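Have a look at the structure below before the remarks.
Number of protein chains: 2
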Amino acid sequence: MSPGWVNDENAALLTDLYQLTMLQAYHREGLNGIAVFDLFVRRLRERNYLIACGLDSVLHYLEHLHFSQEALDYLSTLPMFKPEFLDWLSGFRFEGDVYAIPEGTPVFADEPILQVVAPLPQAQLIETFVLNQITYQTGIASKASRVIHAAQGRTVVDFGLRRMQGTDAGMKAVRASYVAGIEATSNVLAAKVYGLPPTGTMAHSYVEVHDLEEDAFSAFAELYPGTTLLVDTYDTLQAVRRTVALHKLLGDRFHVGAIRLDSGDMAELAHEARIILDEGGLEHVKIVASGSLDEFAIAEMLARKAPIDGFGVGTKLGTVADRPYLDSVYKLAEYNGKARMKLSKRKSNLPGRKQVYRFFEQGRMVRDVITAYDEPSDGTPLLQCVMKGGRRTAAGTVTLEQARAHARDSLRQLPDHLLSLEETDRPYPVEVSHRLRETLSRLEDELEAKASQIVNPSDIA
Amino acid sequence: MSPGWVNDENAALLTDLYQLTMLQAYHREGLNGIAVFDLFVRRLRERNYLIACGLDSVLHYLEHLHFSQEALDYLSTLPMFKPEFLDWLSGFRFEGDVYAIPEGTPVFADEPILQVVAPLPQAQLIETFVLNQITYQTGIASKASRVIHAAQGRTVVDFGLRRMQGTDAGMKAVRASYVAGIEATSNVLAAKVYGLPPTGTMAHSYVEVHDLEEDAFSAFAELYPGTTLLVDTYDTLQAVRRTVALHKLLGDRFHVGAIRLDSGDMAELAHEARIILDEGGLEHVKIVASGSLDEFAIAEMLARKAPIDGFGVGTKLGTVADRPYLDSVYKLAEYNGKARMKLSKRKSNLPGRKQVYRFFEQGRMVRDVITAYDEPSDGTPLLQCVMKGGRRTAAGTVTLEQARAHARDSLRQLPDHLLSLEETDRPYPVEVSHRLRETLSRLEDELEAKASQIVNPSDIA
């Protein structure tokens, strides 16, 4: 059976069928005017901020978007697509403009993280893929930012590949976590692709295939001087004592950099292990912890003053276990110069092209204002043009290191209380400009009037 | 920046660094004996059963596993790998045996879903990828099975790609959900790759770009006779009345198959929409629902007797939102003919090669027994040899349709009370054979004695 790998050749089909059926309808109806779509998150759901991420993956997709002959051949086997439309699809490219809040920037509900301005079919087709990438990467970056904050400057590395939701999650989680500040990953391919340091220790199986734990420890340390030993295979503190004994016996031939705790009451074990190491002359050996860690577990261990120097964080970060998705949407805001929206008390959207301005006081963010895009405002505009006519601008070619630096700098500007792991009762203020509120209100009235019109066949005729 | 696509050429690097550092150590220490590793789930965590899934992806990976020159070149840039080891890696292939419980089979905690019997380095390296695929696909199939049960025979289709965790999740979720019984997917690429029917309706944007909702409805229905109209863009019931009016006006030129509800109190709206449709002569038009659906929301709507004919299920299925990961592990059970295990009250594993026997009464499953692999037992053995010497056996070449049929048949054998969406207080009995318990107990004693030995340098020397 096919492995189902996604790549630049088949990514155009990685979309919802309705995008293609709508495209054929647009094509047939001549609906090729300029559309504006916003990608935003409706609610933060117990997060105090999000970290925008995923833009680079989106821009790569847009640059390479095309329907291969194989894709067209497949579509021709479906009953609903007409040859003339498929012929048109064969020349389909993304040639629109994209405005985005840079990766690594704190963002909030209702703020367009991405705004696409393109002929309607182009802006429509990309919805599914764009949401898929931005939703997960922003979710991961936001979670990782919390984990890193909880670690209070200690090293955080990613160990999550084995339980992440598939291979692409395995790759993109590393990228997004790195933007947010993790230092390394166990994922070798992600380390290669994104230029990060790969990192790792040893597994229980390595210890178990040796008849004696000390044999495993000494063989591994000899091959990898400065390595980290996993100490919880049989009895954690006994293994720490063994480490000390091996050091006494082998001296410089047994150079260990750290021990790794992976189960039990790790705060308590860290305290006891620290004493054993220090009394054994291994003050320089660090203690790292892994196993079901997230920001809450880390905060709890550090509140207990656990002498832990670093954390390997896996499943709960990599699946964003407490919030495995964001309430992200991609909504039409304007078509042919006219504002558009869905009418709904809970699921509406802000109409028209927009800008987001951020205001600072003494180097700290104090409020954002969402405005119409051409409305004069003070403050720092957040949406930047990252793609023009289907090509990346300078602002669209930010490196991963630059995005990471931007995240670090931006987080220093975040009000302290938003860094709390608990949901704040003083959410960051995001205002809507007077003019945008007026547009919204006028459009709501207009749409409500139209929706409530008595419906009978003669109205339609 | 690189898109980070995974494929057969680079999948060997999609592993944790420690697998490779352990491999080099095994290579150097001559640890090349036969190892047995089990993949199992420690706890079901409020699921009453799981549906095994992901095996086909694993077997494809194992068949194609190799280190490309590009991969070797990358590894040679890392400080810890020696040329002799990389030379050995260049010839690395998976040539072991794999035993598995077939995809689509209900499985429970502690039962090996997969058992790998191979030279230690081969069995070790694959851990990360194998867990990545089986964990997610089994999680999805298990969740989808609940959703389908809740739908009581109504159509369930997948709409989840946009918020799934990356592109591979988008693909594999479709495959796993299809094994569990969904009927179609909105994901065009997955439909192509796995041979499923793609399905879809229209988005709010399609309605919004038309100045009148009726124009959108009539244009779409003309192009796609029998289509599904999305009715909640402005006012759901008004849109349903409009549908009736268009039918009266246009007759056969307006052939609608269904309407889709996507927001609001959908059970209530379905009742009201049904009345409007029926009174308008559209008794044949079906009602489908989508929007934040999972097994609980579906069960609640059907408990209110909502006249809904089908469900489009997205985010909450695709991210397994209530349980985004399984407590899956891949543990060494035997090396060089000797049973192995980790010593831990909460994280131990059953040692040695094993088999799982399932017992039936009157066509229903009544209990499973985990035994040593060569222990005689009644019952039906679940672990089948799916790969021998690195090549798939007949049992390893099951088609997707066969796996789906097997899931359907197997679920009919499940005790009814396990189908409850709530956690049962009568979990399915999984016993451990007397002989296996004796092995476990003997090994625990042996390892505890060894772990508690007084540690001092002279012990080691």
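First to last, the sequence lines map onto chains A and B. The first sequence lines up with residues 1 to 461 when you count with our numbering. The second sequence lines up with residues 1001 to 1461 when you count with our numbering. Just so you know, even glycine gets a beta-carbon here, dropped at the ideal spot from N, CA and C. All figures in this text were calculated on a predicted structure; none of them were measured in a lab.
Subject >> First through last residue of the alpha helix (DSSP H) which encompasses Arg1442(B) >> reply: Residue mapping note: residue 1442(B) aligns to position 442 of the second sequence, counting from 1. That run of the alpha helix (DSSP H) goes 1434-1452.
Original post:
Measuring CA to CA, which of Ala1289(B), Ser1420(B), Phe1092(B), Tyr1049(B) is closest to Ala1141(B)?
Top reply: Here residue 1141(B) refers to the residue found at position 141 of the second sequence. Selected option, being the one with the closest Cα: Tyr1049(B).
**OP:** Would you please state the rounded distance, in angstroms, between the beta carbons of Leu462(A) and Asp158(A)? I believe it to be under 8 angstroms.
**Re:** Coverage of chain A is limited to positions 1 through 461, which leaves residue 462(A) absent and any answer about it impossible.
**OP:** Could you tell me which of Val369(A), Gly160(A), Met365(A), Met341(A) sits nearest to Asp38(A), measuring between CA atoms?
**Re:** Along the first sequence, one-based indexing puts residue 38(A) at 38. Out of Val369(A), Gly160(A), Met365(A), Met341(A), Met341(A) has the C-alpha closest to the C-alpha of Asp38(A).
**OP:** At 8 angstroms on the CB atoms, spell out the chain B contacts of Ser68(A), in chain order.
**Re:** To locate residue 68(A), count along the first sequence from 1; it is residue 68. What Ser68(A) touches in chain B: nothing, since even the nearest Cβ is about 11 angstroms away.
Original post:
Just the Cα atoms here: how many angstroms apart are Asp1211(B) and Ala339(A)?
Top reply: Within the second sequence, numbered from 1, the residue matching residue 1211(B) stands at position 211. Within the first sequence, numbered from 1, the residue matching residue 339(A) stands at position 339. Spanning the two alpha carbons is a distance of roughly 11 angstroms.
Original post:
Excluding five sequence neighbours on each side, which residues of the same chain lie with their C-beta closer than 7 angstroms to the C-beta of Thr1015(B)?
Top reply: On the second sequence, residue 1015(B) is found 15 positions in, with the first residue counted as 1. So the qualifying residues of the chain are Leu1125, Thr1128, Phe1129.
**OP:** Please list, in chain order, all residues of the same chain as Gly264(A) whose beta carbon is under 8 angstroms from its beta carbon, the five residues on each side excluded.
**Re:** Translated into positions along the first sequence, residue 264(A) becomes position 264. Only Asp232, Thr236 meet the Cβ criterion.
Subject >> Alpha-carbon to alpha-carbon, Glu1431(B) and Asp1368(B) >> reply: Residue 1368(B) sits at position 368 when you count from the first residue of the second sequence. Residue 1431(B) sits at position 431 when you count from the first residue of the second sequence. Cα to Cα, Asp1368(B) sits roughly 6 angstroms from Glu1431(B).
**OP:** Give the residues of chain A in contact with Ala1219(B), contact being defined as C-beta atoms less than 7 angstroms apart.
**Re:** In the second sequence, counting from the first residue as 1, residue 1219(B) sits at position 219. Simply Ala25, Glu29.
Original post:
Quick one: what's Ile1051(B) bridged to in DSSP?
Top reply: Residue numbering aside, residue 1051(B) sits at position 51 when the second sequence is read from its first letter. DSSP lists Pro1106(B) as partners of Ile1051(B).
Original post:
With which residues is Ser1290(B) paired in a DSSP beta bridge?
Top reply: Sequence index remark: in the second sequence, residue 1290(B) carries index 290 (1-based). Bridge partners of Ser1290(B): Gly1312(B).
Original post:
Looking at the structure shown, is Ala461(A) part of a helix, part of a strand, or coil, going by DSSP?
Top reply: Looking up residue 461(A) in the first sequence gives position 461. Low confidence applies here, because Ala461(A) scores a pLDDT of 49, under 50, leaving its location unreliable and the question unanswered by this model.
Original post:
What is the residue span of the alpha helix (DSSP H) that Ala1141(B) lies within?
Top reply: Sequence index remark: in the second sequence, residue 1141(B) carries index 141 (1-based). Residues 1127-1150.
Subject >> Distance CB(Thr1315(B))-CB(Ala1321(B)) smaller than 8 angstroms >> reply: Here residue 1315(B) is taken as the residue at index 315 of the second sequence, counted from 1. Here residue 1321(B) is taken as the residue at index 321 of the second sequence, counted from 1. In contact: Thr1315(B) and Ala1321(B) (Cβ atoms closer than 8 angstroms).
Original post:
Expressed to the nearest angstrom, what Euclidean distance is found between the alpha-carbon atoms of Val1036(B) and Val41(A)?
Top reply: Here the question's residue 1036(B) lines up with position 36 in the second sequence. Here the question's residue 41(A) lines up with position 41 in the first sequence. Rounded to the nearest angstrom, the two C-alpha atoms are 46 angstroms apart.
Original post:
Near Phe92(A), which residues of its chain fall below 8 angstroms by C-beta distance, leaving aside the five closest residues on each side in sequence?
Top reply: Taking the first residue of the first sequence as 1, we reach residue 92(A) at position 92. Cβ within range, chain order: Ala12, Leu65, His66, Phe67, Pro121, Gln122, Leu125.
Subject >> Burial state of Pro1102(B), where buried means 16 or more other Cβ atoms lie within 10 Å >> reply: Looking up residue 1102(B) in the second sequence gives position 102. Under this definition Pro1102(B) is a buried residue.
Subject >> Backbone secondary structure at Phe85(A) - three-state DSSP >> reply: As a first step, residue 85(A) must be located in the first sequence, where it is residue number 85. If DSSP states are grouped into helix, strand and coil, Phe85(A) belongs with the helices.
Subject >> Spatial neighbours of Asn7(A) in its chain, beta-carbon cut-off 6 angstroms, leaving aside the 5 residues before and after >> reply: Mapped onto the first sequence, residue 7(A) falls at position 7. Counting only Cβ-Cβ distances below 6 angstroms, and skipping sequence neighbours, we find nothing.
Original post:
Just by C-beta distance, which residues in the stretch 1409-1428 of chain B are closer than 7 angstroms to chain A?
Top reply: none
Original post:
Are there three or more Cβ pairs, one per stretch, closer than 8 angstroms when the stretch 1186-1199 of chain B is compared with the stretch 160-180 of chain A?
Top reply: no
Original post:
Of the residues that make up the stretch 1261-1273 of chain B, which ones have a beta carbon closer than 7 angstroms to any beta carbon in chain A?
Top reply: Ser1263
**OP:** Report yes if the C-beta distance between Arg392(A) and Gly181(A) is below 8 angstroms; otherwise report no.
**Re:** Counting from one through the first sequence, the residue named residue 392(A) turns up at place 392. Counting from one through the first sequence, the residue named residue 181(A) turns up at place 181. Contact: no.
Original post:
Secondary structure at Val1231(B), three-state DSSP: helix, strand or coil?
Top reply: For the purposes of this step, residue 1231(B) is taken as the residue at position 231 of the second sequence. DSSP places Val1231(B) in coil when its eight states are reduced to three.
**OP:** Check the Cβ-Cβ distances between Tyr178(A) and every residue of chain B, and say whether any is below 8 angstroms.
**Re:** To locate residue 178(A), count along the first sequence from 1; it is residue 178. Closer than 8 angstroms: no.
**OP:** Taking only beta-carbon positions, decide if Gln1362(B) is within less than 8 angstroms of chain A.
**Re:** By one-based count along the second sequence, residue 1362(B) stands at place 362. Not closer than 8 angstroms to any Cβ of chain A, the Cβ of Gln1362(B) fails to qualify, so no.
Original post:
If you drop the 5 nearest sequence neighbours on each side, which residues of the same chain put their C-beta closer than 7 angstroms to that of Leu332(A)?
Top reply: Here residue 332(A) refers to the residue found at position 332 of the first sequence. Closer than 7 angstroms at Cβ, skipping near neighbours: Ala35, Phe37, Arg340.
**OP:** Can you give me, in chain order, the residues of the stretch 390-411 of chain A that have a beta carbon less than 8 angstroms from any beta carbon in chain B?
**Re:** Thr399, Leu400
Original post:
What is the DSSP secondary structure of Ile298(A), reduced to helix, strand or coil?
Top reply: The residue you call residue 298(A) lines up with position 298 of the first sequence. Ile298(A): helix per DSSP, three-state reduction.
Subject >> Nearest residue (CA-CA) to Val98(A), options Glu446(A), Tyr428(A), Met387(A) >> reply: The sequence position of residue 98(A) within the first sequence is 98, counting from 1. With distances taken between Cα atoms, Val98(A) lies closest to Met387(A).
**OP:** Name the one or two DSSP bridge partners that Lys354(A) has.
**Re:** For this step, residue 354(A) is matched to residue 354 along the first sequence. According to DSSP, Lys354(A) bridges with Ala372(A).
Original post:
Whose CA, out of Ala1184(B), Tyr1428(B), Ala1100(B), Gly1200(B), lies closest to the CA of Ala1395(B)?
Top reply: Within the second sequence, numbered from 1, the residue matching residue 1395(B) stands at position 395. It is Ala1100(B).
Subject >> Pair within 8 angstroms by beta-carbon distance, Gly1139(B) and Tyr1335(B) >> reply: Taking the second sequence and counting its residues from 1, the one referred to as residue 1139(B) is at position 139. Taking the second sequence and counting its residues from 1, the one referred to as residue 1335(B) is at position 335. No, the pair does not count as a contact, with Cβ atoms beyond the cut-off.
**OP:** Give a yes or no on whether 8 angstroms exceeds the smallest Cβ distance from Val1058(B) to chain A.
**Re:** In the second sequence, the residue the question calls residue 1058(B) occupies position 58. False, the Cβ-Cβ gap to chain A never drops below 8 angstroms.
**OP:** Taking 8 angstroms as the cut-off, decide whether the C-beta atoms of Ser1433(B) and Ala1372(B) are in contact.
**Re:** The residue you call residue 1433(B) lines up with position 433 of the second sequence. The residue you call residue 1372(B) lines up with position 372 of the second sequence. Yes.
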